[in-house]
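Take a look at the structure below.
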Amino acid sequence: MPAPERIPQGGVTATRLLLEGELTVRGQVREASNAVLYCTVAYEGREAACVYKPVAGERPLWDFPDGTLAQREVAAYEVSEATGWGFVPPTVLRDGPYGEGMCQLWIESESEPSLLALVEDDEPAEGWKAIGFADVGEGRTALLVHADDERLRRLSVLDAVINNGDRKGGHLLPAGEGRLYGIDHGVTFNADDKLRTLLWGWAGEPLTPETARVLDKLAGELAPGTGLAERLAGLITGAELEALRGRVEALREAGRHPVPSGDWPAIPWPPV
């Protein structure tokens, strides 16, 4: 099994490698709710590890059209790239051994100080943000907190933009050199409010000036007729694309991080 590469260097881009390379299944990630296959992809002398999620292996969901999770993962990558934050690993839609599916560069997570914690205090310590209280058994509760980390703050905005319905702790992958990736974006872009995330620590706080600039840029790139809008139109529905534009505009107008609506569970379960 080759060592996973983060981003292939040289003449072959990561997306071209994923799109055109020979895909070989090496194993299965069995903890996942949908079919997730660990693969290698080889093209023009380059080889990297990747994840392949065939549409045929998706479990139906009551609130999403069948057979659309792979496309949503690709759409999340497109929007992430448009922000310039690069949180989502290179992701493409392609044919594979089990039919069409999502193919994403494998990210080898590296150890760094924890981004999430359970504490017995009622208030978070300096450098941490409160998420809420969690039942830890035997009638006891603990405060769930996340790091007051600028990477997480940006990611919380991306999740609000793409309407991520499942931002769990296990979907956060520190990758060395200060990089942080987010994975598993199948339940995104619903036209209805579905935001469920662990990253509520900045709820109601003003957006940073940098985030405001990113949202202004993203609004322009989502305008009808642009390359991003046309690519997204092939991945999500027209109503979902309009809702995406609406969420970006709402964030720009409010100038603040969103708060839980109260109409939908705010935190995914299990949280990690």
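Using the numbering used here, the letters of the sequence shown map in sequence onto residues 168 to 439.
Quick reminder that beta carbons are idealized off the backbone N, C-alpha and C, glycines included.
Query                                                                                                             : Result
Integer Cβ distance of T378 from A243, believed to fall under 8 Å                                                 : With 8 Å as the limit, T378 and A243 do not qualify as a contact, their Cβ atoms being about 18 Å apart.
3-residue-minimum beta strand (DSSP E) runs that sit fully inside the stretch 280 to 358, ordered along the chain : 283 to 286, 295 to 304, 307 to 314, 339 to 341, 347 to 349
G268 versus C206, A421, L374, residue with shortest Cα-Cα distance                                                : C206
Residues near A209 in its chain [Cβ-Cβ closer than 7 Å; skip 5 each side]                                         : G188, E189
Terminal residues of the beta strand (DSSP E) in which A218 lies                                                  : Reading the sequence as shown, one finds Val at residue 218 and not Ala. Taken as a continuous stretch (DSSP letters only), the beta strand (DSSP E) holding V218 covers 213 to 221.
Euclidean distance between Cα positions of R226 and A202                                                          : 9 Å
Segments of 3+ residues assigned as beta strand (DSSP E) that fall wholly inside the stretch 236 to 268           : 258 to 263
Endpoints, beta strand (DSSP E) assigned at G224                                                                  : It is not in any beta strand (DSSP E) - G224 carries neither H nor E in the DSSP assignment.
Same chain, Cβ closer than 6 Å to H424, neighbours up to 5 away in sequence not counted                           : W369, A370, E372
Contact set for D233: own chain, Cβ-Cβ below 8 Å, skip 5 residues either direction                                : E225, P227
Cβ-Cβ separation, L322 to F254 (assumed contact under 8 Å), whole Å                                               : 6 Å
Status (buried if at least 16 other CB within 10 Å, exposed otherwise) for T165                                   : No statement about residue 165 is possible, as the shown extent of the chain runs from 168 to 439 and does not include it.
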